[in-house]
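Student: Residue numbers (my numbering): 725 to 1496.
Note that beta-carbon positions come from the ideal geometry of N, C-alpha and C, so glycine has one too.
Just so you know, these numbers come straight off a predicted model, no measurement behind them.
Here is the structure:
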């Protein structure tokens, strides 16, 4: 298969023109043997339906370059819609928002415009409403009857022609494009009410007797048109403010980064530089109380760093030379020197911001329900409004045509599907922002929805259940040897070894502050251990066979060594000058809180499976230590992990896979949802739907609880929207009139429509305080 993009690092989405990384885009299509990549499923679907529409001829001019970063705006409901600068979505009519988050975000021009229009419209609509209500309810005419219609026309005209101008523009655009939406109904309802009233004032003689009241007057409904516009504008203002609030999580993350870094030059001099000037490899000083500027490694100093912004844990983490540090975390009382490694867009904080922004713009599978309903809902409402008009015009009481018009307008207004459109995206935006603050990053809304339905959790051992870094966990010395002396001899010998466990022994000796002598005559014995001379003493470190080879009897430590092996520790015996001196024990410690996290997950009904390539004895020892593991699958080769996940899914399980290494990437991708430890490899995080920033298992519990809370909110929103529209349309059409003589005023219908949107927004915003 050939690549239609010449093997470049990035390609253009043929539908919207956005830059796409083929290695990271899950959306692709093959046409005539050419592989095309897309920024979203929406663009892929459009291209597949009609590829020739988007394929430029060979001699076509090159497309214009994309606007600079930050200039692209997109729709929160239809992320495939992207354009340069603000505007309205051509599909749903919603205001677009910036694609790239920014710390000092400029005022939203749509919010400013809608706020201004609402303020003016409310000032004009209020006296109009008072005039009408005084006459209708109390029979009190505040103005002469000949003057009142003209006064109402004067008050309503600025509201309808200026205040509602964006609604008419979007309504007209929806008719041209065929994507009928809420603005179609609003513009039709307001336009009919105002147009009818305008003609009634200017040409009252054109109306037949059926339109006239008992007093011979042609009734006008300027107040309905104006008040409906004011209420819709209020709903738009509240919606835009709520959407802005969902971006606070991103802006809060961006605000964590310091503005400057303290650079230590080669000559020892120091200077404060802007954060964007930091280069990888530079040495930076982090003074007590300061924020770590970028991601890197400590080269000198000791301190405790508050990493709550990435792990959610309030307990500071001890840092010493060799420890990794993350940008925007807060240094404690000690001073540190660090080497910058990842800067700018490569830092963990920048990656978190991008993932949160991407997740907030993604669409959950459940959104398809609302999309299907919206596809036929607006045309159906227009049909119901026409039937309502005909029914009242033919069968209603006098004045029939007036009743027919009023009820048809009420149907158009109350059925406005704005609450239905907001039901899913508002909950997703708020939920993903809440997750970011708790160290749980959702790549997209699909992972957020899927996590709720998981019934089986498969967990890798090393780096997921355990820290992934072997440590010295014990030293046992026989009589005649001191523990520290024994450890110093073993560490001096291991300094020359490349074995993974050697670093754990050396690190343990350094942590105790032991001085390490030089080892001479170092020799590695494959499968046995190492030997050499330290301070004139012959030292051997390894297994039983090596001890016997060195002339030492291992029997005195047989029972102690076996007990430690049963607990999952790696044992190395030490012989000095041909005599058994003791043992050192190394193990990969279980992550703090692992047992509590697994207990919480099992309490929620999840089956927990450990999947590891380590030996069965070690795996079972870790399982016993942690508890809460239903099944252990050990000695599984990296390439076989994916097959295990596939088999579990084939058996009917809904599987989440948690891992951190490159070898876990295929399994993470094969699971229903992958959970990557943020302390692991970039490959694992790219393959997963959820990243746990702190790398702790408690993040899985938080992800599960947040998924449940968000999906519960989505269902509540959808239920309320469906029920509201199902009940509201018959009421607006006059279903209660035959029984009780009650009609629903278009003004009341407008207020009910605005209330439905506010209810959905308020219900979604409750997720900001959900307990995880």
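Buried or exposed for residue 1315, going by 16 or more other Cβ atoms inside 10 Å?
Tutor: buried
Student: Less than 7 Å separating the Cβ of residue 1310 from some heavy atom of the ligand FAD?
Tutor: Absent from the structure shown: the ligand FAD. Ligands present: none.
Student: In the DSSP output, which residue or residues are listed as bridge partners for residue 996?
Tutor: 986
Student: Could you name each continuous alpha helix (DSSP H) segment of 4 residues or more that falls completely within the stretch 1336–1370, going from the start of the chain to the end?
Tutor: 1340–1350
Student: Can you give me the Cβ contacts of residue 1318 inside the same chain, cut-off strictly under 7 Å, excluding the 5 residues immediately before and after it?
Tutor: 1189, 1350 and 1421
Student: In three-state DSSP terms, what is residue 1180?
Tutor: strand
Student: Alpha carbon to alpha carbon, how far is residue 1002 from residue 1061?
Tutor: 14 Å
Student: Could you name the residues of the same chain whose beta carbon sits closer than 6 Å to that of residue 982, not counting the 5 residues immediately before and after it, in chain order?
Tutor: 1015 and 1017
Student: Where does residue 1036 land, buried or exposed, given buried means 16+ other C-beta within 10 angstroms?
Tutor: For residue 1036, the predicted model reports a pLDDT of 44, less than 50, meaning its position is unreliable and no value from the coordinates is stated.
Student: Taking residue 1296 as the reference, which of 1271, 802 and 1345 has the closest Cα?
Tutor: 1271
Student: What span of residues does the alpha helix (DSSP H) with residue 1208 cover, start to end?
Tutor: 1207–1218
Student: Counting only beta-carbon separations shorter than 8 Å, does residue 1183 have a partner in chain C?
Tutor: Absent from the structure is chain C; it holds one protein chain and no more.
Student: At what residues does the alpha helix (DSSP H) containing residue 1424 begin and finish?
Tutor: 1422–1457
Student: If you pair each beta-carbon of the stretch 901–911 with each one of the stretch 1102–1109, do three or more pairs fall below 8 Å?
Tutor: yes
Student: Note down, in chain order, each residue of its chain lying with its Cβ closer than 8 Å to the Cβ of residue 1370, except the 5 sequence neighbours on either side.
Tutor: 1394
Student: Residues bridged to residue 751 by DSSP?
Tutor: Partner(s): 762.
Student: I'd like to know whether the C-beta atoms of residue 921 and residue 883 end up nearer to each other than 8 Å.
Tutor: no
Student: Go to residue 1249, then tell me how far its alpha helix (DSSP H) extends in each direction, as first and last residue.
Tutor: Looking at the DSSP string, residue 1249 is not in any alpha helix (DSSP H); the run it does join, the beta strand (DSSP E), is 1243–1249.
Student: With residue 1237 as the anchor, note down where its beta strand (DSSP E) starts and where it stops.
Tutor: Looking at the DSSP string, residue 1237 is not in any beta strand (DSSP E), and its letter there is neither H nor E.
Student: Does the contact criterion of 3 or more C-beta pairs under 8 Å hold for the stretch 1143–1150 versus the stretch 1331–1348?
Tutor: no
Student: Run through DSSP, which three-state label would residue 1115 get?
Tutor: helix
Student: For residue 1202, which residues in the same chain have their Cβ closer than 7 Å to its Cβ, ignoring the five residues on either side in sequence?
Tutor: 1280, 1304, 1305 and 1306
Student: Rounded to whole angstroms, what is the Cα-Cα separation between residue 786 and residue 804?
Tutor: In this predicted model, residue 786 has a pLDDT of only 40, less than 50, meaning its place in the structure is not dependable; the value taken from the coordinates is given anyway. For residue 786 and residue 804, the distance between alpha carbons rounds to 22 Å.
Student: How many angstroms separate the CA atom of residue 1425 from the CA atom of residue 1332?
Tutor: 13 Å
Student: Going along the chain, which residues of its own chain have a beta-carbon closer than 6 Å to the beta-carbon of residue 1054, five neighbours each way excluded?
Tutor: 1015 and 1030
Student: Give the straight-line distance between the Cα atoms of residue 1194 and residue 813, rounded to the nearest whole angstrom.
Tutor: 54 Å
Student: Over what stretch of residues does the alpha helix (DSSP H) that includes residue 797 continue unbroken?
Tutor: Not the alpha helix (DSSP H): residue 797 falls in the beta strand (DSSP E), residues 796–798.
Student: Alpha carbon to alpha carbon, how far is residue 1156 from residue 780? Give it in angstroms, no decimals.
Tutor: Residue confidence for residue 780 is low, a pLDDT of 49 falling below 50, so the modelled location carries little weight; the figure read from the coordinates is stated next. Going by the C-alpha atoms only, they are around 38 Å apart.
Student: What would DSSP say about residue 868, mapped onto helix, strand or coil?
Tutor: Of the three classes helix, strand and coil, the one that applies to residue 868 here is coil, per DSSP.
Student: Distance, Cα to Cα, residue 880 vs residue 855?
Tutor: 12 Å
Student: Hey, could you find the ends of the alpha helix (DSSP H) residue 1326 is sitting in?
Tutor: 1318–1327
Student: Measure the alpha-carbon distance for residue 1121 versus residue 877 and round it to whole angstroms.
Tutor: 27 Å
Student: So for residue 913, helix, strand or coil by DSSP?
Tutor: helix
Student: In whole angstroms, what separates the C-alpha of residue 730 from that of residue 898?
Tutor: Note on residue 730: pLDDT 35, under 50, position unreliable in the model; no value is reported.
Student: Confirm, please, whether the CB-CB distance from residue 1357 to residue 1334 is below 8 Å.
Tutor: yes
Student: Tell me which residues share the same chain as residue 1261 and place their Cβ nearer than 6 Å to its Cβ, disregarding the 5 neighbours each side in the sequence.
Tutor: 1300 and 1301
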